[in-house]
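Below is one structure, written out as structure tokens; the observations come after it.
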Amino acid sequence: MSQASASFCDSAFPRLLTGLRTQDIILKAHLVWLTQIETRLDCAKFGEANPMGRVKIGGIIQYTDLALVGMMAVPDRPGIAAAVFETLGKRGINVLFIVQSIDLNNNTHIVFCLASKDLSQALGLLDPVKERFGGQRVTHHPRVAIVSIFGPDFKERPGIAGMMYAALASAGINILSISTSMSSVSCVVDRDRLADAVEALRDTFEFHERSSLRAP
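Residue 44 is where the sequence shown starts when you use this note's numbering, and the numbers rise one by one after that.
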């Protein structure tokens, strides 16, 4: 996702919906991963529980046909992330869902998703980067999907993320990676369990079905 798109998701998007909670609106999203998708959102009282105990959210977005790649156990120093994503970007490989962490041995781990069709090329490009920075391995999972929930009031509502993780755990779905923003929570899961993940979230949260999107 571009910096401009990420900024929109974390700032303008929540404020827009908060200001229009009492209206039934058409929201047209012009984001990197949503190409002029129109969806009707019922924006009332996000984050509040209904009489059935389900918390209201903005909706669910599914991303399919993805692979998960990890640049693992690289001695932490400046330039690692730049090398990884500049290398991929120069070959026209788009990435999303980037997560970076540092372990107790001061090694950095970078995990991200890309289109399954780009996996083979990406692995070939990343091996020299791993060698250059002294990383231990490049890992991959060839068949994953991302399921995300979103809503403008997530930053003010404790427990949303925990509810999502508990719903997936109750359905026996392993979470391969997690990423969050002020307005969304995203989980990488095995592609074969995506439908089960969505069903588990439908049982846990309340949202307008028209706001459940399947991104390209």
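We put the CB at the ideal spot given by N, CA and C, even for glycine.
Backbone CA spacing between residue i and residue j [nearest angstrom]
i	j	result
residue 97	residue 186	31 Å
residue 164	residue 137	12 Å
residue 76	residue 248	In this predicted model, residue 76 has a pLDDT of only 36, less than 50, meaning its place in the structure is not dependable; the value taken from the coordinates is given anyway. So the two alpha carbons sit approximately 23 Å from each other.
residue 121	residue 141	17 Å
residue 158	residue 234	12 Å
residue 240	residue 154	21 Å
residue 126	residue 168	11 Å
residue 206	residue 198	14 Å
residue 223	residue 174	30 Å
residue 123	residue 220	20 Å
residue 170	residue 210	37 Å
residue 103	residue 190	7 Å
residue 215	residue 111	20 Å
residue 229	residue 200	16 Å
residue 232	residue 105	11 Å
residue 250	residue 218	22 Å
residue 34	residue 156	Here the chain has residues from 44 to 259 only, and residue 34 is not among them.
residue 208	residue 202	10 Å
residue 184	residue 166	11 Å
residue 92	residue 109	Confidence is the limiting factor: at residue 92 the pLDDT is only 49, short of 50, which leaves the residue's position unreliable, though a coordinate-based value still follows. Approximately 33 Å, taken between the alpha carbons.
residue 227	residue 139	14 Å
residue 149	residue 101	38 Å
residue 116	residue 176	10 Å
residue 182	residue 143	14 Å
residue 257	residue 204	21 Å
residue 133	residue 152	22 Å
Continuous beta strand (DSSP E) stretch holding residue i: start and end
i	result
residue 213	No beta strand (DSSP E) contains residue 213, which is instead part of the alpha helix (DSSP H) from 203-213.
residue 233	227-233
Per DSSP, the bridge partner or partners of residue i
i	result
residue 249	99
residue 172	None, per the DSSP bridge assignment.
residue 113	154 and 182
residue 118	150
residue 257	105
residue 188	232
residue 193	102 and 227
Range covered by the alpha helix (DSSP H) that runs through residue i
i	result
residue 123	123-133
residue 143	It is not in any alpha helix (DSSP H) - residue 143 instead sits in the beta strand (DSSP E) that spans 138-145.
residue 219	Here residue 219 belongs to no alpha helix (DSSP H), and DSSP marks it neither H nor E.
Exposed unless 16 or more other CB atoms sit within 10 angstroms - verdict on residue i
i	result
residue 178	buried
residue 147	exposed
residue 145	exposed
residue 213	exposed
residue 99	buried
residue 243	buried
residue 246	exposed
residue 161	buried
residue 196	buried
residue 252	exposed
residue 238	exposed
residue 94	At residue 94, the pLDDT of 42 sits below 50, so the modelled position is not reliable and the matter cannot be decided from this model.
residue 131	buried
residue 194	buried
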